[in-house]
Every structure is written in C-alpha cells, then in structure tokens.
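Number of protein chains: 2
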Amino acid sequence: MGIHRKTSSLNTLLKEFNNDISAITVVDLVSRLGDKMNKTTIYRILNKLEEDSILHSFFGKNGLKWYAKCDGCCNSKPESILNKFRPHFQCLSCGKIDRLNIEMKLPKVTDQKVSVSQLLIQGRCESCN
Amino acid sequence: MGIHRKTSSLNTLLKEFNNDISAITVVDLVSRLGDKMNKTTIYRILNKLEEDSILHSFFGKNGLKWYAKCDGCCNSKPESILNKFRPHFQCLSCGKIDRLNIEMKLPKVTDQKVSVSQLLIQGRCESCN
DNA sequence: AAATTAATGCAACTCAGTTGCAAAAATAAG
DNA sequence: CTTATTTTTGCAACTGAGTTGCATTAATTT
Numbered sequence: 009m010g011i012h013r014k015t016s017s018l019n020t021l022l023k024e025f026n027n028d029i030s031a032i033t034v035v036d037l038v039s040r041l042g043d044k045m046n047k048t049t050i051y052r053i054l055n056k057l058e059e060d061s062i063l064h065s066f067f068g069k070n071g072l073k074w075y076a077k078c079d080g081c082c083n084s085k086p087e088s089i090l091n092k093f094r095p096h097f098q099c100l101s102c103g104k105i106d107r108l109n110i111e112m113k114l115p116k117v118t119d120q121k122v123s124v125s126q127l128l129i130q131g132r133c134e135s136c137n
Numbered sequence: 009m010g011i012h013r014k015t016s017s018l019n020t021l022l023k024e025f026n027n028d029i030s031a032i033t034v035v036d037l038v039s040r041l042g043d044k045m046n047k048t049t050i051y052r053i054l055n056k057l058e059e060d061s062i063l064h065s066f067f068g069k070n071g072l073k074w075y076a077k078c079d080g081c082c083n084s085k086p087e088s089i090l091n092k093f094r095p096h097f098q099c100l101s102c103g104k105i106d107r108l109n110i111e112m113k114l115p116k117v118t119d120q121k122v123s124v125s126q127l128l129i130q131g132r133c134e135s136c137n
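Those protein sequence lines, which keep their order, are chains A and B. Quick note on our numbering: the first sequence kicks off at 9 and runs consecutively. Quick note on our numbering: the second sequence kicks off at 9 and runs consecutively.
Here it is, written out as structure tokens:
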C-alpha cells in the first residue's frame, strides 16, 4: 500500500482528478498547486496513488509524464492478466490528452504476464483543425 | 525532408537498427556509439529519421525515449488516416522492449485526424519469470 | 576547384524528476 | 489527554536526458 495517512496535500491533489476527466501533466499540477505544496510532495503523492492503482501514468509527446484516474484499466498485481484497455488521444498541436470513450480488448498473443497497457493515439484534435 | 546528406554517422546509426528488431533507447545508442560520434549528432540524426518516417519513437517506463524501425505503422503526413498499428511489449522488470508480431486495427471512433498511434503493453517477459 | 549548404563537435545550458535530511503532521500507544 | 512512533512534508542540492548556439568540418552543387 502506498498511501498511509490522510493529509490535506493528498486531498488537494485528489480533487484535481475529480474536476478533470482528461489526463494531467505533472508539470501542470506543479504549476497549479505549487503554492499550496512543494513539488517534491506532488511527485511523491502521485507515485503512491499509482502504486495503489488509483491513478495511472504514461508518457506523452515530449516525454512529459501524464496521470489519469484509473478505473479498472490497470492492475497493481503484476500476476493478473488484463484484457481490456482504454485509449487516450493526444493532439500533437495543442498537446492536450483526453481519454476516449471506448474499451478495447487486448490481443491474446503474449506468453508474458500483462499488468498495464496503454494505447496513445496521436493526431490533430477537432478544435485545432 | 529531414535527411539531406549521406554521412558516415548516418550509416553507422542505421546499422544499429538493422542489427536489432527490437526498440532501442537513445541512451543505449549513445553508450554504444558515443566514441564514434557526438551525442548531439545522435539526437539530431534520430530526429531527422523520424521526420522521414524511417524510425518512430515513443516513451517507455521511465520516461526514456525509444526508437524502432518504422514499417507502415506511422505516417509523416498528419492529414492521413491510419487504421493499423503494432503493439510493443515492455518488461517492467528488465525494461526491454520488443515489437509484437501482430497488427491491430485502430478503432474508428474519433473525428480527429490520426497520424501516430502506439500501444505499449507492459508486464513481465518470459525470461524474467 | 571554388562556392554553397548541411552536418558535426563541443561546451554550456535547461528542466523534469530525484535524494537526503531535518522539521512537522498524523496516527498509535499509554 | 499526553507521549511516543512513524509517516509526510519542505527545502536545497543534485541528476541526467535532451537541447541550443556557434564555430568547424564535410558533403554536395556550380
């Protein structure tokens, strides 16, 4: 278990993910919450929330780390076999990432044990067209 | 067009991708070729090769940039609609990334124009089990 | 062979993410 | 409620992948 104590920093951070359905950059979180808590704290809490499978993360276009709320799309136990995942879409022009409202099935092709899977689709979003 | 001139640095770099079917980290390339050419050169050539759709890149587990040979899985023209992609598998234990030998179809769900798509499946590979 | 343009090396830089340590806050024990 | 224990936080310094500017060198054009 990653999270042990309920602190105000934790609550503040969690709120950001309730307000927003799309994914958020750590950099963005730091600039939004940087005056309320230290950036190290933000990084550490995000780490723990991912350990607990409350959030999941991936790296977008420029190597920036993105976090999104996790709802069954990944599993903390590496032994489990996942077979579904949700694609994210990143606009290469404005950089924004949203989760698409589809559930995809993972191909049953690997002998490997799968714990996370992420499909990042990149292109140009509607508003940038 | 990214690449304009045939230089020995370019050839040396391209050889690395002929020798290896799996994806390679830039960091790895720098440590392999760092005595033959400057790391800046490596970064710049990789950039150009991606512009020309000869290589494509994505970010793995620790935010490291990976490159792999591109064969129709991405397109330099952002206007085109892609409908297939190839998943990569990264072992969370040893970090290695290989391309899986399947071709997947992209869900026809977005109004957006798609230029790149990458599915990164993560778990434990056979040799780490 | 000379002129042009692109590629390279080098050194210094940027900035996302990390680490160690002391102080503060949260929970547990008495 | 008070004290002891353990986790969390802030701060400052650090790490390292990736970038930038500029002078030099190499490839291509004329």
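Using N, Cα and C, we set each Cβ at its ideal position, and we do this for glycine too. Predicted model, so just to flag it, every value in this text is computed and none were measured.
DSSP three-state assignment for residue i, whether helix, strand or coil
i, result
"residue 13(B)", "coil"
"residue 133(B)", "coil"
"residue 30(A)", "coil"
"residue 123(B)", "strand"
"residue 44(A)", "coil"
"residue 106(A)", "strand"
"residue 65(B)", "strand"
"residue 128(B)", "strand"
Within chain B, the residues that residue i reaches when beta carbons sit closer than 8 angstroms
i, result
"residue 41(A)", "Here the premise fails: no neighbours, minimum Cβ distance about 21 angstroms."
Beta-carbon spacing of residue i, residue j below 9 angstroms
i, j, result
"residue 50(B)", "residue 34(B)", "yes"
"residue 17(B)", "residue 53(B)", "yes"
"residue 65(A)", "residue 56(A)", "no"
"residue 142(A)", "residue 58(A)", "With chain A covering only 9 through 137, there is no way to say anything about residue 142(A)."
Close Cβ partners of residue i (< 6 angstroms) along its chain, the five nearest in sequence each way excluded
i, result
"residue 130(B)", "98 and 100"
"residue 45(A)", "17"
"residue 21(B)", "53"
Contact set for residue i: own chain, Cβ-Cβ below 8 angstroms, skip 5 residues either direction
i, result
"residue 102(A)", "133, 135 and 136"
"residue 24(A)", "32, 37, 40 and 41"
Contact list for residue i against chain B, beta-carbon separation under 7 angstroms
i, result
"residue 67(A)", "67 and 71"
Sequence-distant residues of its chain with Cβ nearer than 7 angstroms to residue i (five each side left out)
i, result
"residue 93(A)", "81, 112, 114, 125, 126 and 127"
"residue 77(A)", "25 and 63"
Amino acids of chain A, ordered along the chain, whose beta-carbon sits closer than 8 angstroms to that of residue i
i, result
"residue 62(B)", "Going along chain A, no residue has its Cβ under 8 angstroms from residue 62(B), so there is no contact; the nearest lies around 18 angstroms."
Per-residue contacts from residue i into chain B (C-beta, under 9 angstroms)
i, result
"residue 50(A)", "Here the premise fails: no neighbours, minimum Cβ distance about 16 angstroms."
Within chain A, partners of residue i - CB distance below 7 angstroms
i, result
"residue 11(B)", "By Cβ distance, chain A contributes nothing, its closest Cβ being about 21 angstroms from residue 11(B), past 7 angstroms."
"residue 105(B)", "Near residue 105(B) there are no residues of chain A at all, since even the closest Cβ is about 12 angstroms away, more than 7 angstroms."
Counting only Cβ-Cβ distances shorter than 7 angstroms, please list the residues of the stretch 14-33 of chain B near chain A, keeping chain order.
Shown here is that no member of the stretch 14-33 of chain B has a Cβ falling below 7 angstroms from a Cβ of chain A.
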